[in-house]
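Colleague: Below is the structure I would like to discuss, written out as structure tokens.
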RNA sequence: GCUGCUGUAGCUCAGUGGUAGAGCACUCCCUUGGUAAGGGAGAGGUCGACAGUUCAAUCCUGUCCAGCAGCACCA
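Numbering (full-length UniProt numbering), first residue to last: 1 to 648.
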């Protein structure tokens, strides 16, 4: 038998027989290590203790101290343990797949009846039994025919299909947790007892399609989360509670920002407080766009189908459009219109009106465009995913040669805005050519390179999303990470040579001939609705002062102070601060509590002493201590604070 | 759109086959109180909509609408 050389993390190496397993290697180092071992890392690959090593390699034996492999194994083994528990309780349930995911795992089952929350408790209890039984994990590589026969005999038709989908040349690996068997890539732990019994929890059950295919029947997916110990699990639970407190739907109600109701699903009724945020944000964006060389336009909501046919939306996007039929008097047939789902075709109409010269390019045409899309009911989510929304949309009409410079200019523009709005964690994704596409490979090469180069020129790295571009061109996506680590796609830039072609947009070049411009679809916030939702959650409702809908409440402590309260409110309003009086017959404690819960950044309390001295007692949101300031000083401070960041 | 769950007062929620209740909010009265809930009284609901079963439906059944979780979707 040939010898191989294994190199350990400390740089030492040892000779072993070829085909040695990490379990044997660990045993050769120390029996205690062999016991503690959970897996190995062989040449950077996560390796099961039972898998043979055939050639020279770098090897590290992993234990529960190694977070990444430990969590991966715990979660993956729990997926199997859960599936085993389910099949032990309900033997007729068919298993499908169960990968790890986020902080845990899920497993999809085919079962007639729905799993109930009580079932989850029963499954959890059974899982703990399995863990305590410390059943050994075994693995073998099987032939395709044997695996298929095995699953056919058991009636596990989903597994048969999965085996068939494994590419030629790849191992078909079978795993056993005790007597329970599953098809799995691995790696896995040594035995079920290595899973911490108190670090996991089944969270919920929901429907999911087999292999994500919506044309197939729906399975039931049970989700779980798992950590190395009870403490980490508790920490996760606490974080989830924090996230729930920030939910924009909850805060929107508490802060009286907006509401939605069933007569207008997916559309927002903005209340005065919410609309204040919206208009302040819009004012800010309008100033930014003006400075960056955009012109602003406004275009119709209800547009005849002829334009949508010309643009291609009628063919490709119709099921997402609100169709409006108008029965005009004496008309032979109804006029068919659609609410615009996007602004681009209308912007081309503006571009086409009057002959454009190369001197007009790049032409940056912006609109706070109200769009309506008939989104699938299941996609709606608060004000984040709606059917009626306003984009901070713009289309840059330019030449091929200008794409890169315009893209860089846009990235700089967007970066400045995100910084002003308090977002410093964001990344860029570049989506490249999809399988179904128009245009030559040379042109895709050129445009993809232009976008990538523009990112680098602006000083940003980007991640490539292979094949995720639109059929007509590649795109950049700008993804924000919020305060609790969630990602949100907001900004976007898409290169589109297709629509100018379809709608026959032209400009007169230097040579006197007609040429086709390219369009860059771009947005910074995405939609006001969504972005405001993100702002609310990012700041947990405590928006930056200049965006806070209610900025100051001036509260009387005794009714004798009412006159001065009004005077303070007027002085603040005179400098543009959103101030209101609270002269109600309530104690100051009551008022403080109510306005603090309402996330008002400043409460100015006024009693007899303040009236006497013409001062205010200042309480800032989130602080217990108060300070006394003169009327002039507080007015000056708040006047500065309410100034948007770009005007300071 | 699909699977499952939910829909009772402005909000958060309890409850029953014989047409409903709490706390907070609201209105009024008492209280003028110094930094996160002072006290009392009052008003407020076609129990999501429409059918069906029943002597009787908010409760049981069906359909629809909306919301929630996830999946699918998101040029």
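Glycine residues also receive a C-beta, built at the ideal position from the N, C-alpha and C atoms.
Between the Cα of residue 172 and those of 179, 123, 140 and 193, spot the shortest distance and give me the residue it belongs to.
Modeller: Of the listed residues, the one whose Cα sits closest to residue 172 is 140.
Colleague: Helix or strand or just coil, what does DSSP make of residue 104?
Modeller: Three-state result, residue 104: strand.
Colleague: In the DSSP assignment, what are the bridge partners of residue 487?
Modeller: Bridge partners of residue 487: 481.
Colleague: Give the list of continuous alpha helix (DSSP H) stretches no shorter than 4 residues that lie fully inside the segment 6-47.
Modeller: List check, alpha helix (DSSP H) in window: 22-29 and 31-36.
Colleague: So residue 158 and residue 96 are in contact, right, with Cβ under 8 Å, and what is the actual spacing, rounded?
Modeller: Residue 158 to residue 96, Cβ: 4 Å. Contact.
Colleague: Grouping DSSP H, G and I as helix and E and B as strand, with all else coil, what is residue 115?
Modeller: In the structure shown, residue 115 sits in coil (DSSP, three-state: anything other than H, G, I, E or B).
Colleague: Just list the alpha helix (DSSP H) runs in the segment 504-528, keeping only unbroken ones of 4 residues or longer that don't cross its boundaries, in chain order.
Modeller: Runs found: none.
Colleague: Taking 7 Å as the limit between beta carbons, can you name the residues of its chain near residue 33, skipping five residues before and five after?
Modeller: Same-chain partners within the cutoff: 26 and 61.
Colleague: Can you name, in chain order, every residue of its own chain whose Cβ lies under 7 Å from the Cβ of residue 452, other than the five neighbours on each side?
Modeller: If we look at residue 452 and ignore the five residues flanking it on each side, its Cβ neighbours are 430 and 462.
Colleague: Using a Cβ-Cβ cutoff of less than 6 Å, which residues in the same chain neighbour residue 308 once the five nearest sequence positions on both sides are dropped?
Modeller: For residue 308, where only same-chain residues beyond five positions count, the Cβ hits under 6 Å are 314 and 338.
Colleague: For residue 311, which residues of its own chain have a beta-carbon under 7 Å away from its beta-carbon, when the five flanking residues on both sides are left out?
Modeller: Taken in chain order, the residues that qualify are 345, 499, 502 and 503.
Colleague: Compute the Euclidean distance between the alpha carbons of residue 208 and residue 16, then round it to the nearest angstrom.
Modeller: Using only the alpha carbons, I get a separation of about 47 Å.
Colleague: Go ahead and pull the three-state DSSP assignment for residue 317.
Modeller: Here residue 317 sits in coil by DSSP.
Colleague: Take residue 287 and list the residues in its own chain whose beta-carbon comes closer than 7 Å to its own, dropping the five residues that flank it on each side.
Modeller: Taken in chain order, the residues that qualify are 646.
Colleague: Please list the segments of the beta strand (DSSP E) lying wholly inside the segment 155-224, counting only runs of 3 or more residues, in order along the chain.
Modeller: As far as the segment 155-224 is concerned, its whole beta strand (DSSP E) runs of at least 3 residues are 172-177, 180-183 and 200-209.
Colleague: Which of the three DSSP states is assigned to residue 381 in this structure?
Modeller: DSSP places residue 381 in strand when its eight states are reduced to three.
Colleague: Just how far apart, CA to CA, sit residue 441 and residue 351?
Modeller: Using only the alpha carbons, I get a separation of about 28 Å.
Colleague: Classify residue 334 as buried or exposed, calling it buried when 16 or more other Cβ atoms lie within 10 Å of its own Cβ.
Modeller: Per the 10 Å Cβ criterion, exposed.
Colleague: Taking C-alpha atoms, which residue in 630, 200, 3 and 149 lies nearest to residue 612?
Modeller: Looking at the Cα atoms, 630 is the closest of the given residues.
Colleague: For residue 324 and residue 301, I'd like the C-alpha separation in whole angstroms.
Modeller: So the two alpha carbons sit approximately 11 Å from each other.
Colleague: Nearest CA to the CA of residue 256: which residue from 548, 131, 231 and 306?
Modeller: Of 548, 131, 231 and 306, the residue nearest in Cα terms is 548.
Colleague: Figure out for me which residue from 191, 203 and 236 has the closest Cα to the Cα of residue 484.
Modeller: Closest by alpha carbon: 236.
Colleague: Please return the same chain residues whose Cβ sits closer than 7 Å to the Cβ of residue 607, not counting the five positions on each side in sequence.
Modeller: The residues are 557, 558 and 561.
Colleague: Can you give me the Cβ contacts of residue 349 inside the same chain, cut-off strictly under 6 Å, excluding the 5 residues immediately before and after it?
Modeller: Nothing meets the Cβ criterion.
Colleague: For residue 471 versus residue 522, is the C-beta distance shorter than 7 Å?
Modeller: No, they are not a contact pair.
Colleague: Note the first and the last residue of the continuous beta strand (DSSP E) segment covering residue 394.
Modeller: Start and end: 388-398.
Colleague: Do the CB positions of residue 83 and residue 104 come within less than 7 Å of each other?
Modeller: Cβ distance not < 7 Å, so residue 83 and residue 104 don't count as in contact.
Colleague: Could you check whether residue 603 and residue 578 sit closer than 7 Å to each other, using their CB atoms as the reference points?
Modeller: No, the pair does not count as a contact, with Cβ atoms beyond the cut-off.
Colleague: For residue 110, which option in 39, 206 and 364 has the closest C-alpha, if you only look at C-alpha atoms?
Modeller: For the residues 39, 206 and 364, the minimum Cα distance to residue 110 belongs to 206.
Colleague: What is the residue span of the alpha helix (DSSP H) that residue 410 lies within?
Modeller: It spans 403-420 - the alpha helix (DSSP H) in which residue 410 sits, taken as one unbroken run.
Colleague: Provide the residue(s) that pair with residue 602 in DSSP beta bridges, ordered along the chain.
Modeller: In the DSSP output, where bridge partners are listed per residue, residue 602 has 552 and 620.
Colleague: With residue 449 as the anchor, note down where its alpha helix (DSSP H) starts and where it stops.
Modeller: Note, residue 449: alpha helix (DSSP H), 441-458.
Colleague: Pick out whichever of 513, 466, 448 and 419 has its Cα sitting closest to the Cα of residue 481.
Modeller: Checked all of 513, 466, 448 and 419; the closest Cα to residue 481 is 419.
Colleague: In or out: residue 491 buried (at least 16 other Cβ within 10 Å) or exposed?
Modeller: It counts as buried.
Colleague: Could you tell me which of 585, 182, 265 and 226 sits nearest to residue 378, measuring between CA atoms?
Modeller: Out of 585, 182, 265 and 226, 265 has the C-alpha closest to the C-alpha of residue 378.
Colleague: Taking the continuous beta strand (DSSP E) assigned at residue 240, which residues delimit it?
Modeller: First-last for residue 240: 230-246, but that is the alpha helix (DSSP H), not the beta strand (DSSP E).
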